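Written out below as structure tokens is the structure these notes cover.
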Amino acid sequence: MSRLAGRQFLNIPGPTNIPDRVLQAMHRPALDFMTQEFFDIQIECRETMKKILKTENEVMIYASSGHGSWEAAMTNTCSPGDTILICETGRFSESWAGMGEALGLKVETLANEWDRALDPSRVEDRLRADKEHKIRAVCMVQNETSTGMAHDIKGVGAAIRNSGHPALFMVDTISSLASYDFRMDEWGIDVAVAGSQKGLMLPVGLGISAVSEKAIAAGKTATLPRKYFDWEELRPNEQGRIRFAGTAPSHLFFAMREGLRMLMEEGLENVFARHHRLAEATQAAVRAWSRGNGPSLFCKDDAALSDSVTAVRMPEGFDADAFRGKVLSETNVALGGGLARLQGSVFRIGHLGDLNEPMILGCLSTIEMQLKRQGIPHGAGGVDAAIESLA
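Residues in the sequence shown are numbered from -19 upward in steps of one, following our numbering.
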């Protein structure tokens, strides 16, 4: 196979584009991770992460993916046989449920259609019905990457408080953090789960947990086995230094410091506005394509459309994986595939992280060109609709 010229357009929902500044920050020799220089780097990272999470709570950072932070959330707060309530949002709520079952927890799923936002009142009703307070934690994904939908975390937090139930509230922010507003303390979240490779614009490899005092206290009686992710061993010390179960991932911290500085230089509100603007342009293009019996938005709830990723349903009889395979092999644009029950019927356009208008227009133009090239029915003017949205 001959080489494709030019840079790849990375429009998967993660990992995202790594800015040159971040790559250059990593391009340095290793250092002794017990020196003051590295202590200062990790303290800066931790304090900036608290600003992004909008929390005064503990922030712990691991050498792991976001799945490691999920496991930490459960093993540090639960005991074998505890019940967790999983709010169904898509593939990643299913993944969280599977992990809970593997750890010996009883998993109850609050069933919900994947193309609709979860109604927070249903969480309140379920908790009010739990008179014996058997539910240990409510677990929810803020931005469901598989469906291109955002869910009302603020509303669910209020619902939990209104119910008077003592359940912990655990939230997956992996594909929303630094793309959406997130207010851990204000919204009553006990554990925020995050990863480095999406809105934070970093390489894969850092798992992040922000943990309330209520969740720390739950760990005093939790008996699930834990060692690598034991919060008591990983909590920052009195000097604010992060501790690690082994060697510190120093180069990832070099990257994190630079990426976080870039976010703060742009300003979080500007970051959120940029993501929303690019999402609206993408969704305008898909709506135009859908008018010709073509690809359409998977999400049926306009208010829940994601600012991070748009899931696109292919017309009947056309395979989404075959489509995006040709997009990649012929034009070097990488799109996300459908996950779980959506495999083959959906492709996903990631528009999060280090991305601007020309980059998203290049992606959308290529998709429209490939719809024509591959003979897939679609309405005309998708790119024009995106330009109009941006203009």
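Every residue, glycine too, gets a C-beta built ideally from N, C-alpha and C. These figures come from a predicted structure and were not determined experimentally.
For residue i and residue j, I'd like the C-alpha separation in whole angstroms.
i: Lys280; j: Gly274; result: 16 Å
i: Leu204; j: Phe224; result: 20 Å
i: Lys306; j: Leu315; result: 10 Å
i: Ser59; j: Leu85; result: 7 Å
i: Glu27; j: Thr(-4); result: 23 Å
i: Lys114; j: Val289; result: 35 Å
i: Cys343; j: Thr69; result: 27 Å
i: Arg141; j: Met349; result: 50 Å
i: Gly247; j: Glu38; result: 23 Å
i: Trp167; j: Asp161; result: 11 Å
i: Leu277; j: Gly355; result: 19 Å
i: Gln323; j: Met242; result: 35 Å
i: Ser126; j: Gly359; result: 25 Å
i: Asp301; j: Leu3; result: 31 Å
i: Asp132; j: Gln22; result: 32 Å
i: Glu17; j: Ala228; result: 13 Å
i: Ile66; j: Ala268; result: 35 Å
i: Ala97; j: His7; result: 42 Å
i: Ser192; j: Pro338; result: 40 Å
i: Asp210; j: Ala5; result: 30 Å
i: Lys207; j: Lys34; result: 28 Å
Hey, out of the options, whose CA is closest to residue i's CA?
i: Ala265; options: Gly61, Ala147, Ile367, Glu24; result: Ile367
i: Ser230; options: Ala10, Arg26, Thr(-4), Asn(-9); result: Ala10
i: Ala202; options: Gln219, Arg8, Asn56; result: Asn56
i: Gly272; options: His256, Ala284, Glu296; result: Glu296
i: Ile(-2); options: Thr15, Asp299, Gly333, Val363; result: Gly333
i: Leu157; options: Gly46, Met6, Ser325; result: Gly46
i: Met150; options: Met29, Glu17, Arg221, Ile188; result: Ile188
i: Glu88; options: Leu351, Ile154, Leu214, Glu74; result: Glu74
i: Ala365; options: Ser270, Trp211, Ser286, Ala77; result: Ser270
i: Arg106; options: Leu351, Val136, Val121; result: Val136
i: Trp94; options: Phe72, Ser345, Ala77; result: Phe72
i: Glu112; options: Ala197, Glu104, His145; result: His145
i: Phe13; options: Gly226, Ala130, Gly317; result: Gly226
i: Val251; options: Gly179, Gly(-14), Gly317; result: Gly179
i: Met244; options: Ile340, Met29, Arg221, Thr15; result: Met29
Would you list the one or two residues that DSSP bridges to residue i?
i: Lys86; result: Thr63
i: Arg328; result: Ala291, Gly316
i: Ser49; result: According to DSSP, which records beta bridges pairwise, Ser49 is partnered with nothing at all.
i: Asn123; result: Ala130
i: Leu107; result: Paired residue(s): none; Leu107 is not in a bridge.
i: Gly187; result: Tyr42, Gly175
i: Val118; result: Leu65, Phe149
i: Ser276; result: Arg293
i: Phe(-11); result: Val313
i: Leu157; result: Tyr160
i: Leu285; result: Met129
Which whole-angstrom value describes the C-beta separation of residue i and residue j, a residue pair presumed to lie in contact below a C-beta threshold of 8 Å?
i: Leu232; j: Ser176; result: 7 Å
i: Ala147; j: Ala117; result: 6 Å
i: Leu258; j: Leu335; result: 6 Å
i: Gly128; j: Ala291; result: 3 Å
i: Leu370; j: Ala253; result: No, Leu370 and Ala253 are not in contact; Cβ-Cβ is about 12 Å, not under 8 Å.
i: Met164; j: Ala172; result: 5 Å
i: Gly362; j: Asn(-9); result: Incorrect: roughly 15 Å between the Cβ atoms, too far for contact.
i: Ala327; j: Phe303; result: Per the sequence presented here, residue 327 reads as Phe, with Ala not at that position. With 8 Å as the limit, Phe327 and Phe303 qualify as a contact, their Cβ atoms being about 6 Å apart.
i: Ser143; j: Arg108; result: 5 Å
i: Asn217; j: Gln(-12); result: With 8 Å as the limit, Asn217 and Gln(-12) do not qualify as a contact, their Cβ atoms being about 42 Å apart.
i: Met40; j: Arg237; result: Contact flag wrong, Cβ pair sits at about 17 Å.
i: Cys25; j: Leu240; result: 6 Å
i: Ala174; j: Thr153; result: 5 Å
Quick check on residue i: buried or exposed, where buried means 16 or more other Cβ atoms within 10 Å of its Cβ?
i: Gly185; result: buried
i: Asp62; result: buried
i: Gly80; result: buried
i: Pro100; result: buried
i: Asn123; result: buried
i: Lys200; result: exposed
i: Leu(-16); result: exposed
i: Asp170; result: buried
i: Ala53; result: buried
i: Ala91; result: exposed
i: Glu51; result: buried
i: Gln219; result: exposed
i: Ala82; result: exposed
i: Gly78; result: exposed
i: Lys31; result: exposed
i: Arg293; result: buried
i: Glu104; result: buried
i: Asp287; result: buried
Hey, is residue i's beta-carbon within less than 7 Å of any beta-carbon in chain C?
i: Gly226; result: Absent here is chain C; the protein component of the structure consists of one chain.
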